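Same order as they appear, the protein sequences are chains A and B. The first sequence lines up with residues 1 to 288 when you count with the UniProt record's numbering. The second sequence lines up with residues 1 to 280 when you count with the UniProt record's numbering. Taking it in order: structure first as structure tokens, then the write-up.
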Amino acid sequence: MRSVRLTPYLFVAPFFVVFAAFGIYPLIYALQLSFMRWRGAGAAHWVGADNYLYLLTSPEFWASLGNSAVMWLLIVPIQVVAGLGGAVLLANARLRLRGLYRVAFIAPFVTPLVAMAQVWIVVFDQDHGPVNYLLNLAGLPDVGWLTSTVWAKPTLALLFLWKTTGFAIIILLAGLQAVPGGVYEAAALDGASRWRQFWSITVPLVRRSMAFLVVVQTLAVFQMFAEPFVVTEGGPYGSTTTAGLYLYEHITASDLGTGAANSFLLVLLVFGLSLGAVRLLRPKDEVS
Amino acid sequence: MNPTRPGVAQYVLLTLLALAFLYPIWWAISSSFKPAAEIITSPLSIGAPTLDNYRAMFADVPIGTGFANTALVLAVKGAMTMFFCPLAGYAFAKYTFPGKDLLFGVVLLTLMLPTLVLIIPLLLEMSALGWVNTYQALILPGSIDAFSIFWMRQTIAAIPDELIDAGRVDGAGEFGIFAKVVLPVIRPGMAALAVLTTMNVYNDFVWPVVAVNDTSHQTLQVVLATLAQNITGNRIGADFAAVWGELLAAGSIAMLPLLVIFVLLQRHFINGILAGSVKG
Numbered sequence: 001m002r003s004v005r006l007t008p009y010l011f012v013a014p015f016f017v018v019f020a021a022f023g024i025y026p027l028i029y030a031l032q033l034s035f036m037r038w039r040g041a042g043a044a045h046w047v048g049a050d051n052y053l054y055l056l057t058s059p060e061f062w063a064s065l066g067n068s069a070v071m072w073l074l075i076v077p078i079q080v081v082a083g084l085g086g087a088v089l090l091a092n093a094r095l096r097l098r099g100l101y102r103v104a105f106i107a108p109f110v111t112p113l114v115a116m117a118q119v120w121i122v123v124f125d126q127d128h129g130p131v132n133y134l135l136n137l138a139g140l141p142d143v144g145w146l147t148s149t150v151w152a153k154p155t156l157a158l159l160f161l162w163k164t165t166g167f168a169i170i171i172l173l174a175g176l177q178a179v180p181g182g183v184y185e186a187a188a189l190d191g192a193s194r195w196r197q198f199w200s201i202t203v204p205l206v207r208r209s210m211a212f213l214v215v216v217q218t219l220a221v222f223q224m225f226a227e228p229f230v231v232t233e234g235g236p237y238g239s240t241t242t243a244g245l246y247l248y249e250h251i252t253a254s255d256l257g258t259g260a261a262n263s264f265l266l267v268l269l270v271f272g273l274s275l276g277a278v279r280l281l282r283p284k285d286e287v288s
Numbered sequence: 001m002n003p004t005r006p007g008v009a010q011y012v013l014l015t016l017l018a019l020a021f022l023y024p025i026w027w028a029i030s031s032s033f034k035p036a037a038e039i040i041t042s043p044l045s046i047g048a049p050t051l052d053n054y055r056a057m058f059a060d061v062p063i064g065t066g067f068a069n070t071a072l073v074l075a076v077k078g079a080m081t082m083f084f085c086p087l088a089g090y091a092f093a094k095y096t097f098p099g100k101d102l103l104f105g106v107v108l109l110t111l112m113l114p115t116l117v118l119i120i121p122l123l124l125e126m127s128a129l130g131w132v133n134t135y136q137a138l139i140l141p142g143s144i145d146a147f148s149i150f151w152m153r154q155t156i157a158a159i160p161d162e163l164i165d166a167g168r169v170d171g172a173g174e175f176g177i178f179a180k181v182v183l184p185v186i187r188p189g190m191a192a193l194a195v196l197t198t199m200n201v202y203n204d205f206v207w208p209v210v211a212v213n214d215t216s217h218q219t220l221q222v223v224l225a226t227l228a229q230n231i232t233g234n235r236i237g238a239d240f241a242a243v244w245g246e247l248l249a250a251g252s253i254a255m256l257p258l259l260v261i262f263v264l265l266q267r268h269f270i271n272g273i274l275a276g277s278v279k280g
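Have a look at this one:
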């Protein structure tokens with residue numbers, strides 16, 4: 001029997017070995033490093049909270065958070081609305097070709113982000129890209145989609161939305177399909193309009209799926225890295241330097257102590273935002 | 001939900017939406033087969049197909065190395081995920097042992113850890129170990145991930161205990177029960193796990209771009225990204241169109257494997273995507 005008692009520990013051990021080596025150890029090391037000045041070579045000096053204070057008083061740090069916040073505003077509300085719209089359109093049990101539509105919506109989610117980021121470079125090029133080509137055909141002037149501080153963020157947000165809204169539709173569709181059909185029939189019998197049914201039945205019942213979607217996408221937007229890294233390199237004038245890309249810049253600048261401090265500040269922020277989102281969207285009658 | 005028949009407007013809307021989602025993919029692939037100059041001069045036309053962009057791209061870009069490295073990482077990391085995650089999930093689902101709740105709590109806690117926070121610390125650890133530009137750096141971190149364990153635990157918990165007890169009565173060892181009773185039963189879940197893991201590893205970018213900077217170890221996504229950066233870095237380059245042609249050829253070829261897998265195994269893909277949402 002002794003082997004049986006040991007068995008479950010052996011089964012879960014590999015995860016904890018990997019997690020200790022490549023999770024806990026680097027985290028503790030990084031926490032220590034966040035209180036030190038170290039340029040990747042030579043001796044590290046203890047500097048107390050200087051790295052944190054430096055970041056909290058640095059315009060660039062706040063600008064990176066601001067850029068991510070704007071990205072969030074450009075992405076998450078639109079995605080929730082579009083995702084719910086797409087899910088409602090797909091949910092009808094008598095819809096034909098549903099499988100085909102579903103494939104079309106998720107295909108972007110499956111494409112490699114880096115490859116599509118390159119396509120964005122070409123498609124939204126100011127001088128030779130097809131989007132401006134079309135604008136010119138319609139007699140409109142060129143737009144600096146990736147070169148103007150006004151348009152660069154929306155153009156990157158569009159890439160994110162294009163790639164992940166199918167994911168949102170699938171998540172919300174699953175929530176919708178968990179709603180028993182009889183509920184709607186009863187509401188229709190009671191004389192509730194379609195619109196009223198939507199707000200009083202559909203929305204409350206997909207709240208859980210919506211909360212999941214918002215949390216996942218908030219995490220993703222504040223960690224957004226590959227889009228600006230590949231498409232705009234954070235420019236023009238730092239307007240697409242997201243929190244994720246700013247973190248990476250500490251590595252290229254070999255300012256690893258500050259980078260570690262930045263990591264922890266970002267984690268605190270993302271944790272706070274996720275908790276807030278869960279609280280706001282939690283169905284009112286639930287405790288957990 | 002509503003049993004009313006969908007109207008024409010609904011089909012029109014869905015079709016437009018579907019086309020909007022598919023068009024960028026179609027545009028990239030179809031443009032990659034056009035003479036490079038036409039990508040700029042007539043971006044919307046479809047001319048006589050040519051493989052020139054692909055020939056030039058294969059000559060200029062180490063895309064074969066990228067594919068080989070991604071395949072290697074995928075094989076090892078995928079095998080580790082497919083073996084260790086159901087194994088741990090089985091222990092959490094079907095055994096009672098002291099400290100189980102605490103240990104599973106740790107698994108759940110790591111689910112909430114943003115991947116980005118580990119990038120700098122991990123990079124430092126890799127350089128201390130002398131592992132920068134190695135396969136183990138690409139493979140080991142995150143090779144047994146909390147989410148897959150959580151997911152497999154849910155899947156295995158649904159297996160009736162009688163089935164497992166029957167295996168025990170037949171004299172199978174504890175590992176034998178896992179391999180001969182549990183794994184065959186959760187095959188659909190394993191398929192979804194395989195498909196989702198493939199997508200995640202294949203598309204992974206942040207860690208590979210940090211952990212590896214020599215060409216011989218770059219994964220496909222890193223090869224692609226350096227290609228894009230060389231181009232954005234040389235905006236006044238001699239032949240703009242030719243570079244774009246290569247870029248679209250490389251991007252199209254990189255998209256292909258996952259799109260094919262997705263079309264063939266879409267049910268597993270969707271199950272994999274949805275598995276994540278149950279934790280909400």
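Every residue gets a Cβ at the ideal spot worked out from N, C-alpha and C, and that includes glycine. Here the structure is a predicted model, which is why all the values come from computation and not from measurement.
Under a CB-based cut-off of 9 Å, is Q10(B) close to chain A? yes
Could you compute how far the alpha carbon of R235(B) sits from the alpha carbon of W244(B)? Note that R235(B) scores a pLDDT of 47, beneath 50, so its modelled location is shaky; the value from the coordinates is reported in the next line. C-alpha separation (whole angstroms): 11 Å.
Indicate the three-state DSSP secondary structure (helix, strand or coil) for M190(B) in the structure shown. helix
According to the Cβ coordinates, are W72(A) and L256(A) closer than 9 Å? no
Taking 9 Å as the CB-CB cut-off, is P14(A) touching chain B? With 9 Å as the cut-off, P14(A) counts as an interface residue toward chain B.
Any idea which residues DSSP pairs H45(A) with across the strands? R37(A)
Can you give the beta carbon distance from V210(B) to Q218(B), rounded, assuming they're within the 8 Å contact cut? Contact flag wrong, Cβ pair sits at about 12 Å.
I'd like to know whether the C-beta atoms of F167(A) and L146(A) end up nearer to each other than 9 Å. no
Considering only the beta carbon of each residue, do A186(A) and L274(B) sit closer than 9 Å? no
Under 9 Å between C-beta atoms, does Q223(A) make it to chain B? yes
For D255(A), three-class secondary structure by DSSP: coil
Which residues bound the alpha helix (DSSP H) around W27(B)? Looking at the DSSP string, the run of the alpha helix (DSSP H) that includes W27(B) is 8-32.
Give me the Cβ distance between I106(A) and I24(A), rounded to the nearest whole Å; I'm assuming they're in contact under 8 Å. Going by Cβ atoms, the distance from I106(A) to I24(A) rounds to 35 Å, so no, they are not a contact pair.
Mind pulling the chain A residues with CB within less than 7 Å of A91(B)? P8, F11, V12
Tell me the residue span of the alpha helix (DSSP H) that contains I164(B). 161-169
C-alpha gap between T226(B) and Q177(A), whole angstroms: 43 Å
Could you give the distance in angstroms between the alpha-carbon of L189(A) and the alpha-carbon of R98(A)? Taking the straight line from one Cα to the other gives about 28 Å.
For V131(A), which residues of its own chain have a beta-carbon under 7 Å away from its beta-carbon, when the five flanking residues on both sides are left out? When the five nearest sequence neighbours on each side are left out, the beta carbons in the same chain lying within less than 7 Å of the beta carbon of V131(A) are those of V123, F124, W145, in order along the chain.
Please return the same chain residues whose Cβ sits closer than 7 Å to the Cβ of L219(A), not counting the five positions on each side in sequence. V270, S274
Does the beta carbon of L247(B) fall short of 8 Å from some heavy atom of the ligand SAH? Summarising the ligand content, the structure contains no ligands, and the ligand SAH is consequently not present.
Quick check: is the beta carbon of W151(B) nearer than 9 Å to any beta carbon in chain A? no
Quick check on the DSSP output: what are the complete alpha helix (DSSP H) runs of length 4 or more inside the stretch 67-125 of chain B, in order along the chain? Unbroken alpha helix (DSSP H) stretches of 4 residues or longer found wholly inside the stretch 67-125 of chain B: 100-111, given in chain order.
Short of 7 Å Cβ to Cβ, which residues in the stretch 159-182 of chain A face chain B? W162, G166, F167, I170, I171, A174, L176, V179, G181
Does I156(B) come within less than 9 Å of chain A when only Cβ atoms are used? no
Under three-state DSSP, which class holds T198(B)? helix
By Cβ distance, which residues of its chain are closer than 6 Å to T81(B), with the 5 residues on each side in sequence left out? Excluding residues within five positions, the ones whose Cβ falls inside 6 Å are S148, T197.
H250(A) burial status per 10 Å Cβ neighbour count (16 or more: buried): Buried.
Are T259(B) and V195(B) close, meaning C-beta to C-beta below 9 Å? The sequence shown places Leu at residue 259(B), not Thr. Not a contact, by the Cβ cut-off of 9 Å.
Close Cβ partners of L74(B) (< 6 Å) along its chain, the five nearest in sequence each way excluded: When the five nearest sequence neighbours on each side are left out, the beta carbons in the same chain lying within less than 6 Å of the beta carbon of L74(B) are those of V201, in order along the chain.
Can you name the residues of chain B whose CB is closer than 7 Å to the CB of Y101(A)? L14, A18
For F19(A), count neighbouring Cβ atoms within 10 angstroms of its own Cβ and tell me buried if that reaches 16, exposed if not. buried
Per-residue contacts from I106(A) into chain B (C-beta, under 8 Å): F262, Q266, F269, I270, I273
For R96(A), the three-state DSSP class (helix, strand or coil): The three-state reading of DSSP puts R96(A) in coil, since its state is none of H, G, I, E or B.
Given a cut-off of 9 Å on the beta-carbon distance, is the pair I63(B) and V223(B) in contact? yes
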